[in-house]
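Residue numbers (the working numbering), protein chains in the order written: chain D, 1 to 273; chain C, 1 to 424; chain P, 1 to 294.
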């Protein structure tokens, strides 16, 4: 028993090392590129030791106003996530537990996401012009609810379905309202799931491109829009782009280190389960 | 802060104080040059200018919804010649004659080819030419002057190696270089760093072959003629160059990928924008700095391209936008832009003494621009480029014969011309 | 009030905030695009004056390149989703074990997710450059001939697929791991005492319990895979030829280059039908099995 356990752990390490390497190698190369001039970046055979330059970082911060785009991305992604999670949890719970609206409603909700966003963004733009929401961060945040909610509902539905019904039933018999039973029992148990959903929602917004492109202006553009603009007519500014990617990843990685324990370890609910 | 704003307001004697112009720009070198000069305009007029810089392919997606709506966020636009037919045809741009006449703005200084391309549409002036990107041949002077290679060429073909004068000769030279220059230097040197990615890269490059062989997209009655003799011949030569004288990955190359090959010294030549010469001569970007030269497209007629200034019909600040155009296109500023590395559109700048002193090849560029020819400009130019790009790419991958691909393209081109009401 | 009715009411009350919000942000655009698809509505002439009925739909169906794109898209979606799911599930299972450096692995494996797809495409384009890319260089060191990653029609499809898997596998890992972590511990402990092997535990406990999460992950990833266009735009523009021309990029071109919003909308609704069919099909497979196993 012990032995097989140990053997599997070794296999796990091997698999994880291989995958981590595949994922990490291009990122390391990106970091290298961010410190290189264009000539060095494309040199073959590659030089491994060269005098690093921080010009790329300075340029993207000064010329492209990267901090502002970062702030925009962060504000929009975070607020859209914070709005979506509570209401999507309730809806996901209703779908999972009470089968509200039946399969048809479930599918209608997700079917709204099956149209390419291109055909939605133009009418949305027209509406936004009327309500003066173009080129504003709250406008963009609202538009992100359009895809955040359906996806979150589906993800959370999946997690809620996995929770044994008996737990809330006991609480309901003790006289708790359904909302209370949900908040006190279901919500904490599914914390890893909700956390994962929140992270995904944040990332979906963080990477969203088309809505951001059409609905923002110079002052409200997000990181994907800013990075896309680095494909210029005189070529891709690969050094700057790499610097931008590194600067966009770094804080998120640090942030994820903090919230990781909810995602990886889960919380111990041995007592109730 | 408040007092500062107030102070500026009071100090500013200008008419338009307090207005901010929102300008949508593409990230071309000139954009950054103008950005640097902006304080001068702001000081003179009190109008603040904000550039929003977007990449070319996103620009269209950004502009179309804006231009359709009752009021546009942008007061001034940089419009590519691909859209020089579409935007006026859709009624999105403000005609400029009345401004030009009122302020006696001199448009006679512009090269006629530029005015035709990014100035007039259907006889009305919608744009002021800002920037040119006519294409030509950029080649490696060191390889061209290499005595061994020259001797070999003479031995093979019986005459001195020269800058090619026809498309055939160019393809032959590219093939020659790929074989013998690679041999001599012991590393792969491609004949031509081609950009044959589907979409506008392949169309831009091929257009040079097409025009130089006397072909065109439409005849004067707007009947498609890409599949005539010249069209087929140009596509065959183009594909021959792709097969024998280009990097194997060229079918997925855009300008950037091709530029990297050239700048790393791995290619002999490139059919590209004239201002790429400056990029290739920049040692921080290129290993072949100082070893490249510019010539007209072999066969004489390259693809012309350019951007123009335009004011959206639904702009909120038309007068201020015009004020800006007057400033940025004035001789003084146009000259400054050129001296800082811009791509001029005016005779007097191309031939200005100081400009020529700094960029001796500029008169050559002027001739290039004069004779270059743009793609047809009408409502569906972008669609036309898409169609031709797809069919050429299919022919280049061998999925279709050249003739079949061009016939299919011609069919769709005729459809587009009919849709636009140009072909009866 | 009966318990059933009460439950139904509670369900609707819970669902309402989401439904109202969704109605506000998405109903109008959806309705607009649907009605547009029946008219001759283009950007050049944006009006509802010419009613076309199903002509836009017929045009879409009669375009041979539409069928090509549909086929490319289906191939792409089915392949990326199954590869990402399989690999992602293996990685998630391994990460769910009680091993050291879990946090490090996890951080690395989820990194690509926070990179915007355009940036991922541009960086991979540099790595995949046939002459100047490091991938071919390193392969050359171990004696492999340079591969024409994006310039060959067949290879280009697989290269795009590979880049997509590289980035999107994080999504699967994150979601599936969260599912694994929330599973109850007791069944596993009981099975261990009974002497079940790891594989038996996987097939008889983990997978049945994970069904709802797997379903959500696969459905959502499928929908996203259908939307992929920025990656294609940056890497190949649908070429060489039409080998990577997925439908969402096809529709993008119809909208912004063809300026024909009506045809783009019609094609989009056809696409919606296809995706919906596929999702319902997956739903049926995954849920019907649950009744047998669980």
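Where a beta carbon is used, it is the ideal one built from N, C-alpha and C, also for glycine.
What's the C-alpha gap between residue 380 of chain C and residue 130 of chain D?
29 Å
In whole angstroms, give me the CA-to-CA distance for residue 382 of chain C and residue 147 of chain D.
30 Å
Using three-state DSSP, classify residue 231 of chain D as helix, strand or coil.
strand
Establish whether the CB of residue 108 of chain P and some CB of chain D are separated by less than 8 Å.
yes
Length of the line joining the Cα atoms of residue 89 of chain D and residue 139 of chain D:
23 Å
C-beta atoms of residue 350 of chain C and residue 362 of chain C nearer than 8 Å
yes
Under the three-state DSSP convention, the category residue 298 of chain P falls into
Since the displayed chain P opens at 1 and closes at 294, residue 298 of chain P lies outside it and no answer follows.
Pull up the CB-CB distance for residue 252 of chain C and residue 121 of chain P, whole angstroms please, since I reckon it's below 8 Å.
At roughly 12 Å, the Cβ-Cβ gap does not stay under 8 Å, so residue 252 of chain C and residue 121 of chain P are not in contact.
Three-state secondary structure (DSSP) of residue 162 of chain C:
coil
Mind checking if residue 209 of chain P is an interface residue toward chain D, Cβ cutoff 8 Å exclusive?
yes
Collapsed DSSP secondary structure at residue 274 of chain P in the structure displayed
helix
In whole angstroms, what is the alpha-carbon distance linking residue 19 of chain P and residue 92 of chain D?
11 Å
Would you check if the region 222 to 235 of chain D and the region 58 to 75 of chain D touch, i.e. whether three or more CB-CB distances between them fall below 8 Å?
yes
Helix, strand or coil for residue 191 of chain C, going by three-state DSSP, please let me know.
strand
Quick check: the region 219 to 232 of chain P against the region 70 to 80 of chain P, are at least 3 beta-carbon pairs closer than 8 Å?
yes
Which of the residues in the region 210 to 241 of chain D, read from start to end, lie with their CB under 7 Å from any CB of chain C?
213, 214, 217, 218, 228, 229, 231, 232, 233, 234, 235 and 236
Who are the near neighbours of residue 111 of chain P in its chain, counting only those whose CB is closer than 8 Å to its CB and skipping five residues on each side?
170
Can you pull out the residues from the region 60 to 91 of chain D whose beta carbon lies closer than 7 Å to at least one beta carbon of chain P?
87, 88, 90 and 91
Output yes if chain C places a C-beta closer than 8 Å to the C-beta of residue 126 of chain D; else output no.
yes
Could you list which residues in chain A have their beta carbon closer than 9 Å to that of residue 39 of chain D, in chain order?
Absent from the structure: chain A. Protein chains present are D, C and P.
Using beta carbons (cut-off 8 Å, strictly below), is residue 219 of chain P in contact with chain D?
yes
Who are residue 105 of chain P's beta bridge partners in DSSP?
According to DSSP, residue 105 of chain P bridges with nothing at all.
When DSSP labels each residue in this structure, what does residue 138 of chain D get in the three-state scheme?
helix
Does the separation of the CB atoms of residue 187 of chain D and residue 77 of chain D fall below 8 Å?
no
Residue interval of the beta strand (DSSP E) (run including residue 267 of chain C)
267 to 273
Between the C-alpha atoms of residue 250 of chain P and residue 174 of chain D, what's the straight-line distance to the nearest angstrom?
57 Å
Take residue 219 of chain P as the anchor and find which of P:10, P:283, P:44 and P:117 has the nearest alpha-carbon.
P:283
CB of residue 394 of chain C within 8 Å of CB of residue 241 of chain P, strictly
yes
If distances are taken between C-alpha atoms only, which option among C:178, C:105, C:364 and C:53 comes closest to residue 153 of chain C?
C:178
Interface residues of chain P facing residue 257 of chain C [CB-CB closer than 8 Å]
125 and 129
Looking at chain P, is there any beta carbon in it that lies within less than 8 Å of the beta carbon of residue 140 of chain D?
no
Going along chain P, which residues have a C-beta under 7 Å from residue 171 of chain D?
Simply none; closest approach about 14 Å.
Just curious, the alpha helix (DSSP H) that residue 236 of chain P is in, first and last residue?
That residue, residue 236 of chain P, is in no alpha helix (DSSP H); it is neither H nor E in DSSP.
For residue 301 of chain C, which residues in the same chain have their Cβ closer than 7 Å to its Cβ, ignoring the five residues on either side in sequence?
211, 212, 371, 372 and 373
Contact check, residue 310 of chain C vs residue 378 of chain C, beta carbons under 8 Å
no
Consider the Cβ of residue 115 of chain C: report whether some Cβ of chain P lies at a distance smaller than 8 Å.
no
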